[in-house]
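Notes for the one structure printed next.
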Amino acid sequence: MKTEQIIQTVNKFYMPVFNRHQISFSHGKGCKLYADGKEYLDFAAGIAVNCLGYGDSELTKAIAEQASKLIHISSYFYTDVLAEYVSNFLENSDFEKIFLCNSGSEANEGAIKLVRKYYYNLGIKKPIILTALNSFHGRTLATTAATGQTKYSEPYAPLPEGFKHIPYNDITAFMNAIDKNTGAVMLEIIQGEGGIIQASSEYIEKIAEICKQNKIFLIIDEVQTGMGRTGKMFGYQHYNFVPDIITLAKGIAGGVPMGAFVARGDIANAFKSGDHGNTFGGNPLACSAGIVVLNRLKNGLLEHVQETGEYFLDQLKSLKKYSFVKDIRGKGLLIGLELEESVKSKDIIDKMQDNCYIIIGCGKNALRFCPPLIITKAEIDLMINQLDKVFSLIK
Ligand SMILES: *Cc1c(COP(=O)(O)O)cnc(C)c1O
């Protein structure tokens, strides 16, 4: 099918919720993507998903071999890859139990259910989960209710109850919001969709301390920041605290749909047989991919992210010479460049795309860089040179 026809066909039959760019990719290799004979350099990674880039030989081999053996078997049975994955995952971690699902929204739903079940078992009423304004936690009903942006939730009332939103990085607001009804706090360590806004260490460490004192659970939504994206396995590891529950998805299986929530044992044991479940979670195909991603992160990839992330941020700061560049911030390979209102992020994204660089937006008017974790300094240089050119043409 020709690109024009592909676009028309998808637009005709697919529900009209996505604003897709007029490109149809056929394949990729490393950090490069191919469409209509053009080669693009990818700084989006399928929204912080494709951590090993495209066509990774180890990942594709593992998936292909597993697919030929067993793609799915249901959670009525055990598999060797499930055993290998969950033991690898939890070894040397701050947590004792994991549950596998298929997306970030589902991971957050699961964490919310776990907290509610914990209090239910005790016969305690602590129904409120605090979340931050400008956060993003997913697209299911409960996670849109949790998300602190009404544009995602307003049309879908009635929503599940029990969420209260507080301003991010505002410890006074948090202190004022907690009371005997507060069961948990759910926060991103860096608000990703919200514009790459980092929790300050004073803020998050204070919250962790208060939560501990008041027996409030601290859930960190690491769907975007987890699995090496920030240069550590999990974003919270840049700080001096340990959450009670974390949620994961996006890069966890290198592009194969997978999500997870991970908790301390005493919390996780609130779930009894039949309390939660799913059909696809922990399937052998996803586990085989997850094993490869974990091994790569533990064997050098994390260090690579730290090094290239620092380099990226440093180099990008050269663009501060443009007065419309308001701020540059991030951690590891999750970086945002905020623009003054006069320059629209969408126009920059389109112009970069015309020059065969894929970047995405976030927040109100920011560019987001979340390339495959295997990106090289040379590739970063190429992109920044192009961005410099695009910026230099703005009047
Ligand atoms: C992307 C994202 C989600 C939602 O994940 P889905 O896989 O799209 O359901 C939740 N939380 C955060 C922080 C995210 O970045």
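For the sequence shown, position 22 (counting from the first letter as 1) is numbered 1073 according to our numbering, and the numbering increases by one without interruption. Think of the CB as a built atom: it goes at the ideal place given N, C-alpha and C, for glycine as much as any other residue.
DSSP-derived helix/strand/coil call for residue i
{"i": "His1289", "result": "helix"}
{"i": "Gln1404", "result": "helix"}
{"i": "Leu1092", "result": "strand"}
{"i": "His1355", "result": "helix"}
{"i": "Ala1250", "result": "coil"}
{"i": "Lys1428", "result": "helix"}
{"i": "Ile1058", "result": "helix"}
{"i": "Leu1158", "result": "Reading off the sequence, residue 1158 comes out as Ala, not Leu. Ala1158 falls in the helix class under three-state DSSP."}
{"i": "Lys1083", "result": "strand"}
{"i": "Val1166", "result": "helix"}
{"i": "Asp1272", "result": "strand"}
{"i": "Leu1103", "result": "coil"}
{"i": "Gly1316", "result": "helix"}
{"i": "Lys1382", "result": "strand"}
{"i": "Glu1116", "result": "helix"}
{"i": "Leu1151", "result": "strand"}
{"i": "Thr1198", "result": "coil"}
{"i": "Ala1321", "result": "coil"}
{"i": "Lys1349", "result": "helix"}
{"i": "Ile1435", "result": "helix"}
{"i": "Lys1368", "result": "helix"}
{"i": "Leu1336", "result": "helix"}
{"i": "Gly1174", "result": "coil"}
{"i": "Thr1130", "result": "coil"}
{"i": "Cys1262", "result": "helix"}
{"i": "Thr1111", "result": "helix"}
{"i": "Leu1299", "result": "strand"}
{"i": "Ile1255", "result": "helix"}
{"i": "Val1137", "result": "helix"}
{"i": "Lys1283", "result": "coil"}
Buried versus exposed, by CB contacts within 10 Å (16 or more), residue i
{"i": "Phe1150", "result": "buried"}
{"i": "Arg1071", "result": "exposed"}
{"i": "Pro1206", "result": "exposed"}
{"i": "Phe1064", "result": "exposed"}
{"i": "Phe1094", "result": "buried"}
{"i": "Phe1285", "result": "buried"}
{"i": "Thr1330", "result": "exposed"}
{"i": "Leu1388", "result": "buried"}
{"i": "Lys1283", "result": "buried"}
{"i": "Tyr1127", "result": "exposed"}
{"i": "Val1376", "result": "buried"}
{"i": "Tyr1169", "result": "buried"}
{"i": "Lys1323", "result": "exposed"}
{"i": "Gln1117", "result": "buried"}
{"i": "Val1307", "result": "buried"}
Inter-residue CB distance, residue i and residue j (contact presumed, cutoff 8 Å)
{"i": "Gly1277", "j": "Cys1413", "result": "Between Cys1413 and Gly1277 the Cβ distance is about 17 Å, and since that is not below 8 Å, they are no contact."}
{"i": "Leu1269", "j": "Asp1230", "result": "Incorrect: roughly 16 Å between the Cβ atoms, too far for contact."}
{"i": "Lys1382", "j": "Thr1298", "result": "Not really, about 18 Å apart at Cβ, beyond 8 Å."}
{"i": "Lys1080", "j": "Gly1106", "result": "5 Å"}
{"i": "Ile1435", "j": "Gln1366", "result": "5 Å"}
{"i": "Gly1302", "j": "Val1344", "result": "7 Å"}
{"i": "Gly1155", "j": "Gly1189", "result": "6 Å"}
Of the residues the options, the one placed nearest residue i, counting alpha carbons only
{"i": "Ile1318", "options": "Ala1134, Lys1266, Ala1429, Glu1389", "result": "Lys1266"}
{"i": "Ile1426", "options": "Glu1361, Val1293, Asn1139, Lys1202", "result": "Glu1361"}
{"i": "Ile1400", "options": "Asp1439, Phe1187, Asn1350", "result": "Asp1439"}
{"i": "Asn1185", "options": "Ile1175, Pro1218, Lys1395", "result": "Pro1218"}
{"i": "Asp1424", "options": "Lys1402, Ile1386, Cys1407", "result": "What sits at residue 1424 in the sequence shown is Leu, not Asp. Residue Ile1386 is the option with its Cα nearest to Leu1424."}
{"i": "Ala1250", "options": "Leu1353, Tyr1290, Asn1232", "result": "Tyr1290"}
{"i": "Ala1340", "options": "Gly1155, Ser1125, Ser1108", "result": "Ser1108"}
{"i": "Gly1174", "options": "Ala1417, Asn1416, Pro1422, Ala1321", "result": "Ala1321"}
{"i": "Glu1160", "options": "Phe1363, Ile1271, Asp1378", "result": "Ile1271"}
{"i": "Phe1442", "options": "Leu1390, Cys1407, Glu1430", "result": "Leu1390"}
Proximity test, Cβ basis, 8 Å: residue i and chain B
{"i": "Thr1198", "result": "The question asks about chain B, but that chain is absent: this structure has only one protein chain."}
Any non-hydrogen atom of ligand 3 within 7 Å of residue i CB
{"i": "Val1132", "result": "As presented, the structure is devoid of ligand 3, carrying ligand 1 as its sole ligands."}
If we require 4 or more residues per run, which alpha helix (DSSP H) segments fall completely within the region 1208-1235? 1222-1228
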